[in-house]
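This report concerns only the one structure given below.
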Amino acid sequence: MAFNLLETSNNDGEPIYLYEFRLNDNYWRYTSSTMPISMGGNVWKSISISDDGVKQSGETQVDALTVTMPNDTTVVSLFLGTPPINPLYLTMRRFHYGDTEAAVCYVGEVFQVNVASPVAAKVTCNTLSASMERNGLRLAWSRGCPYSLYDMNCGVSKERFRLDGEISTVGGSSIRVPEAARYDNRYFAGGYIEWLDPVRGVERRAIEDHAGEVITIFGVVDGLAGGMTIKIYPGCGRTTSEC
-9 MAFNLLETSN
1 NDGEPIYLYE
11 FRLNDNYWRY
21 TSSTMPISMG
31 GNVWKSISIS
41 DDGVKQSGET
51 QVDALTVTMP
61 NDTTVVSLFL
71 GTPPINPLYL
81 TMRRFHYGDT
91 EAAVCYVGEV
101 FQVNVASPVA
111 AKVTCNTLSA
121 SMERNGLRLA
131 WSRGCPYSLY
141 DMNCGVSKER
151 FRLDGEISTV
161 GGSSIRVPEA
171 ARYDNRYFAG
181 GYIEWLDPVR
191 GVERRAIEDH
201 AGEVITIFGV
211 VDGLAGGMTI
221 KIYPGCGRTT
231 SEC
């Protein structure tokens, strides 16, 4: 039976939801069904998952969708500590038992995960149209350079100043990279480190301070470990002479 007939039927419809999360090329698929669902060559894992309903009031805050799911899922673990810098998208489909069609009923972006209880987390999503309501970036005039380091307005090629270094140890909010000791203290302060995470894709952390081989980053060192090779880009004092 076609999806529309099942959807409007008084007795034949048995609706369940399919939740597909995507980060870069990684997918995690879950369903509210009591058993796994196989469709289109993919399998949706059966877990305790629900949402507070799709809303279309036109107000961004009101239309936010909240999905409740177990704490031990990969999607929730991505936001424990430092969240991924790349967007995590949710595509939700409505499906009826016995049918072969799953209609897309929601597409949004995860912007917050709240571990609400010892067993469940609340994943809050905004519709993609909500991003159109955000304020655009404004150019702030100041004594220092107003441009973001290494962007198209800055014009400096970051690859010319890149240092590839191997992490020896990590701890707290700092890492030790022996190659960084060849540069003056605070040379890398204001810059950032970059590496490729197998799940999150390209990850970056801003550098707060640099002394010898010790690099202090903003946030925590989750995802970093001894023996990893990372890219290190120096900061800039944002003065004409330093530029």
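Note that my numbering numbers the sequence shown so that position 1 is -9, with each residue one more than the last. In this text, a Cβ means the ideal position worked out from N, Cα and C, and glycines have one as well.
Burial state of Asn125 is exposed, judged by a 10 Å Cβ sphere holding fewer than 16 other Cβ atoms.
For Gln46 and Ile197, the gap between their C-alpha atoms comes out near 41 Å. Annotation: Thr24 to Tyr177 spans about 56 Å, alpha carbon to alpha carbon. Leu214 carries a coil assignment under DSSP once its states are collapsed to helix, strand and coil.
Rounded to whole angstroms, the gap between the alpha carbons of Ile6 and Trp185 is 39 Å.
The DSSP-derived three-state label of Glu169 is helix. Bounds of the beta strand (DSSP E) holding Val160 are 159 to 161. For Thr64, the uninterrupted alpha helix (DSSP H) run begins and ends at 64 to 67, by DSSP. As computed with DSSP, Asn32 is found in a beta bridge with Met29. Contact between Trp18 and Val65 is confirmed by a C-beta separation of about 6 Å, below the 8 Å threshold. Excluding five sequence positions before and after Thr114, the CB atoms of its chain that fall closer than 6 Å to its own CB belong to Ala54, Thr56, Gln102, given in chain order. With respect to the C-alpha of Ser22, the residue from Asn61, Tyr173, Phe85 having the closest C-alpha is Phe85. For the segment 82 to 120, the full-length beta strand (DSSP E) segments reaching 3 residues or more read 92 to 104, 110 to 117 along the chain. Closest in alpha carbon position to Gly71, among Val211, Tyr223, Thr230, Gly217, is Val211. Nearest in C-alpha terms to Ile75, of all of Arg194, Cys226, Leu214, is Arg194.
If you look at Val57, you'll find it in the beta strand (DSSP E) that goes 55 to 60.
Under the DSSP definition of a beta bridge, Arg12 partners with Tyr17, Tyr79.
Taking a contact as a CB-CB distance under 8 Å, the pair Arg228 and Gly145 does not count as one, their CB atoms being some 14 Å apart. Taking every protein chain shown into account, the CB of Asp174 has fewer than 16 other CB atoms within 10 angstroms, so this residue is exposed. With respect to Arg172, Lys221 sits apart: the two C-beta atoms are not nearer than 8 Å. If the five residues before and after Ser138 are omitted, its C-beta is found closer than 7 Å to the C-beta atoms of Cys144, all from its own chain and listed in chain order. Straight-line spacing of the CA atoms in Ser231 and Leu127 works out to 26 Å.
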